[in-house]
Each structure stands twice: as structure tokens, then as C-alpha cells.
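Residue numbers (our numbering), protein chains in the order written: chain A, 5 to 102; chain B, 35 to 302; chain C, 690 to 1321.
C-beta atoms are modelled at their ideal positions from N, C-alpha and C, and glycine is treated no differently.
As C-alpha cells, this is what we get:
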């Protein structure tokens, strides 16, 4: 079963990655990042069972904490950018270029 | 056997939900799809002897994080329509190619790996999953745990700092707002009174129904731009309404006022 | 007989002989640094310093005569420049004191003459400053007891020569001539410098004493190389073939400069160098042979150039070349020739300075006209100039009993004994000398007046004629005084050695008679062409040979074709290589980097998603790589 869980995790991770790359709405991009984090968590939990200790679950737990903090800050940044630029598109914030 | 069924069902659900997340046009749908994925994963955690994480997944992710997402989505405005037309040349092609390659390679790697039978967490969870986790967190990982508390406090502070806006001019009083309304009336001829509420002379009391004038025609002033955006796109709005909506949009763009939801102090 | 040992000396006039150099140097410094404040007395100060220098030289000469002949080489140590390697010292010996007397005496006369000649020049003070500078540098050259000091003086006189040729720098011809002189001299000086390096590398000393000791010690010494390199230096300074081209153009300078620097003193420095380096040259037949060949070639070339020039100063300059060629010839022969070389140098210094100053006097009277075709019949209006010039003329063509008769015939006799071919060529040169000097005199002082309308010739003031008179007296008596009884040869012998048997003077030797006959033929021919016949005011086209001589034997054309053109091509090639090759490489590298950067920076689109894509692709590649590596 472990293999199945891991393949699912890889699939979700890849889908999240593609989402980050193709979507322009900052919030959706952010959701995709969360999806990738969740995919990782699934792998950790799976490995915890595979190896018979709880370290994987602990790490998943910490990932959740960090993800929560990251969501708070990330959304605050999106709101701030939106407030000044009137846009939530990541392509609009492209002044730092050649 | 039970686990297999659960896995396959949830795998199909979560992958399709993830695809939906990526490819749905509306951000709200994406958020809901994400909720589905997270919920599925919570079940999978539970199946894999991680009841605590399953609970946390539901509470933290599906509960807090998803709500935060939806809240911000509302704040930013659902009317910032998200076109799926790609503007960067080759971005979509290469992104999907890279994603497929990544998934294929990772899957190949995992499939090639020879996994022994899982050891199972029966031994580790002997004292119960939560107490065992707690023991580890407060012994071996206590330092990391303490650090996460600092991280969370910093994040909360950071969010406040980022979201806070320093007032650069005194808050407009009722008097000022009233004056401004009449100035606008004098200059632009805009009605200083309140906008007609929806449903006046209406047969429906829903928000998406425009107010009707005494002669039975639609009052353009009562049409919500956000609500009517799909009709505007499809061209099914009455011409009079469309004209007024366009004028409004043009004047707002000229005045630098964008979507309304964040402009609490705009006085409208 | 070998040269005598050098005895260290202190005290007396000889001990204070550095004053000879210091006084004119002081004069130059005061005049150059003092600026306009010294305008009023500048010329007087210059003359005073030069005369004072002569007085010191004369006193030193008298003191030197007080010593026994074997003790007449006195070294005066001044300063230990680089301990163990280079000392600054003076060498007072018969050779150097002869030069000192010539330089300071003729120099003083020319200083005095210049008071009159330059009276109307606004920059007269600067002129005297340069003259003093020249005298000081020339004395450094001859008084130094080592090659390093000689080199310092050598470059010093080069500088003074450059400054004085270009004294009227507002004239482009003068400025160009100055540069030409400087550059041509650079070639010679380069050879001299390498010669000195070789000397130092061989003997580990640059002093004459050290070189003499090194030769006495023996061992393998590259005499020929050193000799030829020194000869190259001498050729540059003394306008010998192939570095002769600058001297004719150097006549752009004021006439006193031509007289002092480019006739009497500086141009003879090459002869001094060869004689002073006698120990080196006597050890190598090759170098000596080359010296004599250069001398003969130059004496003929100078004489031929002299026949065709209408410019009085250029004709005299050709004559100078020719006469220095005689000295070189004698100097190349060895101890038998040294005395004649130096004796001719001294008498030539007198009579050539006399004639140059006479030419200056004529120019002064003729509104600075130098074309002899516009002179004629001047003997009546300028009697003193005419008589003194005539004496100089008779002296140079070797009229019996005058200076040139003794010294030049001495050289010819010596050369004849040494090598008959060289001897007969020298005789031929004497014949041509007779022709071109007669031509010059006849065109200038005889015949009809061919003056420009505004010319009002008059005799020059006394300050200009007295030096002429004194110089012409020297031109009459010096030759007989020096040569009869081998007086000068014996006097010089402590410094340069002397041949085993002293030559005896035969007034009616075959060679002497042949020389006289040829000179007479030349003079008569000149009289027929330029004395009795009408001289056309505009120079006729003449034959190919005339054009050949007028163009300085195509020396400039040769230099241009052989050195200047290839040099220009080389420069153009270098410029081309620099522009296309070096710059091209650098520029194309810069363009490559700039261009590729310009394209590469397009990667920085500003779109976060592009960056994320590259990260993601990178991650995929990493996974692939890990997969491949892990499966190996």
C-alpha cells in the first residue's frame, strides 16, 4: 500500500506544482502551494507507518504549523498588494525585471 | 481490503478535486476543491493510524486555513475575474510538461523502490496516538515545538503589520461625506440620495434582481456590477443598464477607484 | 709609445678645473631662471662666463705645462657617484686641455660676435643662455674621465644643439630641422649607449683608466663590436655617413650657432670619441678600417654636396662634413693620425668658424639673404669680412704656409702611407675642396653685383669684425705652429701615444705637390665658371650630377625610402593591428558579452511564474538525474 500512497502523494504534488505555474490569481496559486504541502504531509504520514515510528507524523504536524503561519503571512501580503495595485494577479507584480 | 477501497475512492476523489482546483475558472470553486482534497487526506491520515493528524487536518486546514482563504477571496473581490488565457508564451506547455515529467519520474522512482511490508504503528501507538505524539513532542522535539510558538506569534504580528494601514488624513465625518456627495451631484449630476435597494417594485427579493422603476423597466442604478458581470459578458443586459454600468466603470477607473470591497472609507 | 698613467691631482688651477664647467652652467642657469630681469645684461653675463671659463682653461694649461711630459695626465676626483662603479671625475690631459682651449676660446669669440649678430633679436638673452649651456655641456664631454660623463656631455650638447637649431622655432623649417637633428642623433646615441653598456659589461668600469687597465689585463674582449658601436655614436654626432643628413638642415639655426656648434666644436666630438677610445680602436683592425672608410666616404660626399649648394651656409656645412671626414680618416689610422686629426680639428675650428662668422657677417649685411647667386662683388663694401674670409678660404684649401696646408696635408700624407687608395681619394677630396670653396668665394665677393634691390651691404660693427680678425690670425699661424717640428704630436703623446718614428715634414713631397696641383685646377675651374663668367641669378637645371649633389646625394630620399616609409608602414600596420586585432578582439569580446547579456537578461521577465517554472523544471531534472545516477 505504501507505494500507492506515495504515488498519490507525488501526483498531488505535481498537480499542485502545475497549478502554481499556470494560475495567475495569487490566491489560487497559494492554494496550490497548500496542496503541495498536503501532498508532502501524506508522504510523511505514509512513511511513519512504513517505518513504524511516529517521527513522520511529528514532522507532518510541524509542517501544518508552518503552513498555517505561512498562510497567514501570505494572505496578508496578497491583501496588501491588492490594496495598492488593485489586482490579485501575480503577473501584474512584474516590475522587477530587465 | 477496507483500506484499499477507501484509498482508491479517496485517491480518485482527491486527484480529480486537485485537477478541479487547478483548472476551475472561479477562485471560489478552487477553494472548495481544495477543501475536498484536504478532507480526503484527513481520511487517509486516519486510515494510516494517524487520528490526531486527521483531526488537526480537519480543524486547522479545512477549518481555519480554508476559511481564511475564502475570507481573503471575498476581501479581494470575486469580481476580479480570472481569465485562463495564458499570457506568458510557452508557460502552460512547459508547466504541464514539467509536471508530467516530474510525476512520471517520481512515480517511476517510487514504483522501482522495493518496499518491505509496513511495520505498522501498533507498537508506537500502544499508549494511544495522541499521548505517544505528545510524549515525542514534549521530549525529543520540545525545542522545535517552542520555536514554532515563536513562529506563530511572529506570523500573527506580521499579518497585523502587513494588513494595517496608517491613516494619512483625518477620517471623513458625516458632514464631509455629505458635502462630497453634493459636490459630485453638482459636477457630475450624480444622485446624492441613496441608491435604490434591490427589489423595489420587484417580484423577487433576491440580490440578483434589479429594482424596477414605476413604469416597470429596470433601474440601472440598482444593478450590482459584480452580480451582473456574467450577464454583461453575455450581452443580455438591457442597453440602458449596460451603458450606465460602463460609464460607472470608466469613471471609477479614471478616479482610481477599483473594486469596491476594500474601500470602506470611500464614503459610498 | 703608450699613453702615460693618470696621476690623481688636487689643488691648484687644475684642481679647480671644475670651474670651467660650472661657470658657463651658472650663466645658463641665471639667464634661464632669471627671465626678463636679466634681459639687459644677459649677453654680457654670457660672454663673461665664457671668457672666465677660457681663463681657467688657459691657467690650467699653463699649470699642466709645468709638469714633465710623462706626468701630464692629471685626474681630478670630484664625487663618488656609485661607490665602486662610477665616480664623477675630470681628466686634464693634453688631449682634453686642447679641446678646452679650442672650445672656450672660439666659444668666447663667438659669444662676443653674437652680441652684434643677435643685437636685434628679442630673445637674445635666451640665445646666450643656450650658448653657455652648450659650452658647459661640451666641456663636460671632453673633461670627463669616464664614458658616463662623456655621455652626459654628449647628450647635453645634443640638447643645446636642438635648442639652438630650433632657436627661431616660429619658422617651421627651423623647428623641423631641430627635430631632425635630434632624431638622427638619437640613432647615433643609441649606438653609443649600447657601446657603453658593452664596455661596462666587459671591463666592469666606465672610466678611461679602468678600460685601459682592462685591456692591459687581456682576455676575450669584443673590441670590434665596441668600436663599431662607438663609431655609430661618433657618426651621429659628427654627421658622418650614414647619419650625415641632419647637419645641412641644422644651418637653420643662427649663424653663430652654425659656427660654434655645427663647425668648430660639437660636430668634432665624434673625432674626440674615436681618439679618446684609441686603446679600443687600436686593438681592432676592422673597426679602424671602417672608421677610415667612413671618413673618406664622408669627405668626398661632403665635398660633392658643397659644390652644388647655392646657400652659403649649406655650402659651408658640406665643407664641414668633408673636413670632419678628413679628421675621421686620420683618427682611424691610429697614433700616427691622432695628432693630425686633432691638429686639423683645431685649425679647422678656427678657419671654419672664421668663415661661418664671415658668412654671418655677409648675411647680416644682405638682409639675411643666404643665396650666393644674389651676392657678388662684396669685396669692396665689406673689406674686413672679405680679407678674413679669404684667409679662411686659403687655409681650408691648403694654400702653402697657412693652417690647412700643414694639417690637411699631414692627414693626406699619413693616409697615403697607411693605404694608397684612401690617400688618393683624400687627395681627390682636396681638389674638390679647392673647387667648391673657390666657387663660394668667387660667387660671394667677386663678379658683378647681383643684389636684391633693397640690399644695402655695409661692413659689420667692430664687435663682429674683431672676432673675425682674431680667428683669421689663428687660421694663418696655428697650422705651422702645431705641425712644424711635430710639436703637437709630442705634446699629445702622453694622452694618446705616438708612433714609433715621428713623421718629418717634406714641403715638396709627391703627395703634397699633387694635392696642390689638384687644388689649383679646382680653383681655376671655379674661376672660369663663377669668377670671370656671369653667374645666373636663377640656378640652372644642370646635369644629373648637379641634381644629385643639390639633393644632398639623395641622402634624405634614401633615409625616407629606407627608414621613414617602412617606419610609416610599420606604424600603419601596428595601428591597423591595434584597431582591428587588439581592439577588435577586445571590442568583439565586449560585444559578445554585451549582446549575450542583452539576450540573457530577457530571462528576467519579472513574472514570478516563469521563475517558478525554472525551479520546477530544475526539480524535475534533479529527480531525473537522481534516478539515472541511482540506477547506475
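Can a CB atom of chain B be found closer than 9 angstroms to the CB of residue 1298(C)? yes
Report the three-state DSSP secondary structure of residue 1066(C) (helix, strand or coil). coil
Residue 809(C) burial status per 10 Å Cβ neighbour count (16 or more: buried): Under this definition residue 809(C) is an exposed residue.
Distance, Cα to Cα, residue 1240(C) vs residue 1248(C)? 12 angstroms
Cβ-based neighbour list, residue 13(A), same chain, cut-off 6 angstroms, excluding 5 preceding and 5 following: 43, 46 and 47
Hey, is residue 207(B)'s beta-carbon within less than 9 angstroms of any beta-carbon in chain A? no
At least one CB of chain D closer than 9 angstroms to the CB of residue 18(A): is that the case? The structure shown contains no chain D; the protein chains it does contain are A, B and C.
Any beta-carbon of chain A closer than 9 angstroms to the one on residue 1302(C)? yes
Using alpha carbons as the reference points, say which of 855(C), 958(C) and 1237(C) lies closest to residue 827(C). 958(C)
Start-to-end residues for the beta strand (DSSP E) that takes in residue 781(C): Unbroken beta strand (DSSP E) run through residue 781(C): 775-781.
For residue 252(B): DSSP bridge partner residues: Looking at the DSSP assignment, residue 252(B) forms a beta bridge with 246(B).
Of the listed residues 939(C), 707(C), 731(C) and 988(C), nearest to residue 1000(C) (C-alpha basis): 939(C)
Given a cut-off of 9 angstroms, decide if residue 1045(C) and residue 947(C) are closer than it, judged by their beta-carbon atoms. A contact, by the Cβ cut-off of 9 angstroms.
For residue 36(B), which residues in chain A fall below 8 angstroms Cβ to Cβ? None at all; the shortest Cβ gap to chain A is about 12 angstroms.
Have a look at 729(C), 699(C), 1036(C) and 910(C) and flag the residue whose alpha-carbon is nearest the alpha-carbon of residue 892(C). Checked all of 729(C), 699(C), 1036(C) and 910(C); the closest Cα to residue 892(C) is 910(C).
Cutoff 9 angstroms: residue 92(A) Cβ touching any chain C Cβ: no
Nonlocal neighbours in the same chain, by C-beta distance under 7 angstroms from residue 1163(C), ignoring five residues either side: For residue 1163(C), where only same-chain residues beyond five positions count, the Cβ hits under 7 angstroms are 1039.
Residue burial classification, residue 275(B) (beta-carbon count within 10 angstroms, cutoff 16): So residue 275(B) counts as buried.
Is residue 1295(C) close to chain A, meaning its C-beta is less than 9 angstroms from at least one C-beta of that chain? For residue 1295(C), the answer is yes, since a Cβ of chain A falls inside 9 angstroms of its Cβ.
In chain order, what residues of the same chain have a beta carbon less than 7 angstroms from the beta carbon of residue 1149(C), not counting five sequence neighbours either side? 805, 1050, 1053, 1054 and 1074
With which residues is residue 1385(C) paired in a DSSP beta bridge? For residue 1385(C) there is no data in the structure shown, the boundaries of chain C being 690 and 1321.
Might you give, ordered along the chain, the residues of its own chain that have their beta carbon closer than 7 angstroms to the beta carbon of residue 728(C), omitting 5 neighbours on each side? 814
Relative to chain A, which residues along the region 50-70 of chain B have a C-beta separation below 8 angstroms, given in chain order? 52, 53, 55, 56, 61, 64, 65 and 68
Counting C-beta neighbours from all protein chains within 10 Å, is the total for residue 1033(C) 16 or more, i.e. buried, or is it exposed? buried
Nearest chain A C-beta to residue 1316(C) closer than 9 angstroms, yes or no? no
List, from N- to C-terminal side, the beta strand (DSSP E) runs of 3 residues or more that fit wholly inside the region 965-1018 of chain C. none
Reference residue 84(A); option with closest CA among 64(B), 179(B), 59(B) and 198(B): 198(B)
Spatial neighbours of residue 18(A) within its chain, please: C-beta separation below 8 angstroms, excluding the five flanking residues on both sides. Excluding sequence neighbours, residue 18(A) sits near nothing in its chain.
Rounding to the nearest angstrom, what Cα-Cα distance links residue 1128(C) and residue 937(C) in this structure? 18 angstroms
Closer than 8 angstroms to a non-hydrogen atom of the ligand FAD - does that hold for the CB of residue 1257(C)? Absent from the structure shown: the ligand FAD. Ligands present: none.
Which of the three DSSP states is assigned to residue 1256(C) in this structure? helix
Run through the DSSP bridge pairs and tell me what residue 93(A) is partnered with. Partner(s): 29(A).
If I'm right that residue 704(C) touches residue 777(C) with Cβ under 8 angstroms, what's the distance once you round it to whole angstroms? Going by Cβ atoms, the distance from residue 704(C) to residue 777(C) rounds to 14 angstroms, so no, they are not a contact pair.
Verify the CB distance criterion: does residue 1290(C) have a CB-CB separation below 9 angstroms to chain A? A Cβ of chain A is located within less than 9 angstroms of the beta carbon of residue 1290(C).
Beta-carbon proximity of residue 1118(C) to residue 1172(C), cut-off 9 angstroms: no
For residue 1142(C), the first and last residue of its enclosing alpha helix (DSSP H): Segment: none, residue 1142(C) is in no alpha helix (DSSP H) and carries neither H nor E.
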